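Q: Residue numbers (this note's numbering), protein chains in the order written: chain R, 990 to 1474; chain E, 48 to 152.
A virtual CB, placed ideally from N, CA and C, is assigned to each residue, including glycine.
Note that the structure is a prediction, hence the values are computed from the model and not measured.
#1: Mapping DSSP to helix, strand and coil, what is residue 1146/R?
#2: When Cβ atoms are compared, which residues of the stretch 1310-1323 of chain R fall closer than 9 Å to chain E?
#3: Taking the alpha carbon of residue 140/E as the point to measure from, which residue in 1214/R, 1108/R, 1312/R, 1328/R has its own alpha carbon closest?
#4: Between residue 55/E and the rest of its own chain, which residues show a CB-CB distance below 8 Å, the 5 nearest in sequence each way excluded?
#5: Check whether the Cβ atoms of residue 1300/R and residue 1343/R lie closer than 8 Å to each other.
#6: Kindly indicate the opening and closing residues of the beta strand (DSSP E) around residue 1107/R.
#7: Once the 5 residues before and after residue 1067/R are set aside, which same chain residues still bring their CB inside 7 Å of it?
#8: How is the alpha helix (DSSP H) around residue 1213/R delimited, first residue to last?
#9: Run the CB neighbour count on residue 1106/R, radius 10 Å, all protein chains shown included, and call it buried at 16 or more, exposed below.
#10: When burial is assigned at 16 or more other CB atoms within 10 Å of the CB, is residue 1471/R buried or exposed?
#11: Looking only at its chain, what residues have a beta carbon closer than 6 Å to the beta carbon of residue 1347/R, apart from the 5 residues adjacent to it on each side?
#12: Taking 8 Å as the CB-CB limit, is residue 121/E close to chain R?
#13: Using a Cβ-Cβ distance under 8 Å, would residue 116/E count as near chain R?
#14: Out of 1143/R, 1206/R, 1146/R, 1365/R, which one is the CA nearest neighbour of residue 101/E?
#15: Would you decide whether residue 1427/R is buried or exposed? Buried here means 16 or more other CB atoms lie within 10 Å of its CB.
#16: Between which two residues does the alpha helix (DSSP H) harbouring residue 86/E extend?
#17: Please list, in chain order, the residues of the stretch 1168-1180 of chain R that have any C-beta partner in chain E closer than 7 Å.
#18: Determine the direct distance from the alpha carbon of residue 1096/R to that of residue 1187/R, and round the result to whole angstroms.
#19: Examine chain R for any beta-carbon lying closer than 8 Å to the beta-carbon of residue 141/E, and answer yes or no.
#20: Taking a Cβ distance cut-off of 8 Å, strictly less, list which residues of the stretch 1354-1379 of chain R are near chain E, in chain order.
#21: Can you say whether residue 107/E is buried or exposed, counting buried as having 16 or more other CB atoms within 10 angstroms of its CB?
#22: What is the DSSP secondary structure of residue 1440/R, counted as helix, strand or coil?
#23: Give me the Cα-Cα distance between residue 1184/R and residue 1122/R, rounded to the nearest whole angstrom.
#24: Decide yes or no for the touch test of the stretch 1219-1232 of chain R against the stretch 1254-1270 of chain R: beta carbon pairs closer than 8 Å, at least 3 of them.
#25: Check whether the Cβ of residue 113/E lies closer than 8 Å to any Cβ atom in chain R.
#26: By Cβ distance below 6 Å, which residues in the same chain neighbour residue 1375/R in space, the five residues on each side in sequence not counted?
#27: When you check each C-beta in the stretch 82-104 of chain E against every C-beta of chain R, which residues fall closer than 7 Å?
#28: For the putative contact between residue 1454/R and residue 1236/R, defined by C-beta atoms under 8 Å, what is the C-beta separation to the nearest angstrom?
#29: On a Cα-Cα basis, can you pick out the residue from 1295/R, 1338/R, 1349/R, 1011/R that is closest to residue 61/E?
#30: Using Cβ-Cβ distances below 7 Å, what residues of the stretch 1412-1425 of chain R are close to chain E?
#31: In chain E, what lies closer than 9 Å to residue 1161/R by C-beta?
#32: Which same chain residues, not among the five before or five after residue 1193/R, have their C-beta less than 6 Å away from its C-beta?
#33: I want to verify the contact list: residues of chain R whose CB lies under 7 Å from the CB of residue 73/E, in sequence order.
#34: Using the beta-carbon of each residue, which ones in chain E are nearer than 8 Å to residue 1085/R?
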């Protein structure tokens, strides 16, 4: 089978279970393609030789009852992996080798999957284009001049480019859904508390969630089923009854009420996005759903709220990088000088910017005016969703206000970069699940995504809606393999 | 009202403020970098100040979306001697301690 890397996760699992493919064959195929794809710069750290060893070991005594039997996969370099370097895309963690494993990745290995390597991302997941990574920007398999989105840009690029059948990312303000939308792939940001944060390099702890990224909704559901577990090691992990999302996946969404929030029709939104949204509404109707107009009145306050809450939490979380316990250390004349030089040389510009914003809004005299104010507005944003969900089962919006932009285009203008996350950020602030599915192309042929937002813990419902709409949309990603010589 | 006054007063983040924040953040900042940071932060804060349009006097701040109380754990030691693991990534090698520049003369 020469087209192994073109197969979906579900096909690969079936072929391994039917013994038509061995784990070694599958692993070799993805390693070969990854090695030919260095130009994309999707990987930060490769772990190919031990991946092959693990695959051979799996084949000797295959446990075919597992959900990801012998399936190779790469993961975002924000998940701590025992004995494998974990950088978070930062110089300050360039030499950091964890001595423990994140719960989410442990869950994946427990189901038989094999680590291929660690994928590029924006530094500490702060970015929307993967351009803030210490390890360089990532190219979008759709077009070499395009960003793959961010912060899970390496993850999105690797799935779209078929360097890995599936992957996991993290999403603090849109970091799974926006890159999924930019690369024509599927990405789910689960309910806050659904996937353990233990062992994930922290950015903004009240917003961070890990989630699956895949080529289709079914694969995404299967991976979500594997990674979502209650974990006492994460004090905000929530103990609720989790579905077997892939088994309970259904295209029957007849009578489901889907809300269309008028506030998402923002000024300056390209006509193509509006048309895509209208097409999405039609697809949902064709699936038997009922469309309901709703209002989320505080939508325009979500981004300003996010840019107080997230940097505040980041400034606190990133205080641990002091050159003492692990990571990069610069030489200093005394202890304070060492701290200041380590952090100045170890963090990139965007991370420094956010630490400073966060420090300022939390500092004496400004806490009430900024941080407390933002927490109050966050409550209003959550109330909007609570109110809407009295009338509807889910909400349909575009995933992003535009298709992928060019590398370098927004690099020097932080606010215009932040505006990218206008449709995804409210979901994190309210702790809700959201999924982005590819739904069409713009005039340039670049993919566009639609987002389905659910009630808390209602992943099954939005997966079902996405599954039903996916069939009607019948999206085909335009990947030409331009980077393979 | 006080809130509005503070916002108006600080709409302009000057170099002195940047120096102060950089000290609090333990990030050294030279003059050139300070000017760029002041520009960036001013444009970001201009954007953030949109929140002043909202009256929030009676709103209870949201501190966590997870509407559960934190669970108590029994006070048990679960890890064995992990000193070696903890020191493994230390930038300056030592068997027993983290080593830092001299603090006491």
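A: To lay it out plainly:
#1: Residue state, collapsed to three classes: helix.
#2: Listed by position, the residues of the stretch 1310-1323 of chain R near chain E (Cβ gap below 9 Å) are 1311, 1312, 1313, 1314, 1315, 1316, 1317, 1318, 1320, 1321, 1322, 1323.
#3: Nearest of 1214/R, 1108/R, 1312/R, 1328/R to residue 140/E, Cα basis: 1312/R.
#4: With a pLDDT of only 44 at residue 55/E, under 50, the local geometry of the prediction cannot be trusted, and the value read off the model is given with reservation. None.
#5: Their beta carbons are under 8 Å apart, which means residue 1300/R touches residue 1343/R by this criterion.
#6: Residue 1107/R: member of the beta strand (DSSP E) spanning 1103-1108, first to last residue.
#7: The beta carbon of residue 1067/R sits closer than 7 Å to those of 1077, 1110, 1114, 1159, 1189, 1190, all from its chain and outside the five residues before and after it, given in chain order.
#8: That run of the alpha helix (DSSP H) goes 1206-1216.
#9: It counts as buried.
#10: Counting the other Cβ atoms within 10 Å of the Cβ of residue 1471/R gives fewer than 16, which makes it exposed.
#11: These residues qualify, in order along the chain: 1300, 1301, 1303, 1304.
#12: At least 8 Å separates the CB of residue 121/E from every CB of chain R.
#13: So, not an interface residue.
#14: For the set 1143/R, 1206/R, 1146/R, 1365/R, the Cα lying nearest the Cα of residue 101/E is the one of 1365/R.
#15: Under the 10 Å beta carbon count, residue 1427/R is surrounded by 16 or more other beta carbons and is classified as buried.
#16: In the DSSP assignment, residue 86/E falls within the alpha helix (DSSP H) that extends over 78-95.
#17: Within the stretch 1168-1180 of chain R, no residue qualifies.
#18: Approximately 12 Å, taken between the alpha carbons.
#19: Taking Cβ atoms only, chain R never reaches closer than 8 Å to residue 141/E, which makes this a no.
#20: Residues of the stretch 1354-1379 of chain R with a Cβ closer than 8 Å to any Cβ of chain E, in chain order: 1354, 1355, 1357, 1358, 1359, 1361, 1362, 1363, 1364, 1365, 1366, 1367, 1368, 1369, 1371.
#21: So residue 107/E ends up on the exposed side.
#22: Residue state for residue 1440/R is assigned as strand, using DSSP reduced to three classes.
#23: Cα to Cα, residue 1184/R sits roughly 25 Å from residue 1122/R.
#24: The answer is no - the stretch 1254-1270 of chain R does not touch the stretch 1219-1232 of chain R, with fewer than three Cβ pairs under 8 Å.
#25: Interface residue, yes.
#26: Excluding positions up to five away in sequence, the list is empty.
#27: Hits within the stretch, in order: 84, 87, 88, 90, 91, 94, 95, 97, 98, 101, 103.
#28: So it is not a contact: roughly 17 Å between Cβ atoms.
#29: It is 1349/R.
#30: Cβ contacts with chain E come from 1419, 1420.
#31: What residue 1161/R touches in chain E: nothing, since even the nearest Cβ is about 13 Å away.
#32: Once the five neighbours on either side are set aside, the close Cβ partners of residue 1193/R are 1161, 1299, 1302, 1303.
#33: In chain order: 1328, 1329, 1332.
#34: Contact note: residue 1085/R reaches chain E through 136, using a C-beta cutoff of 8 Å and chain order.
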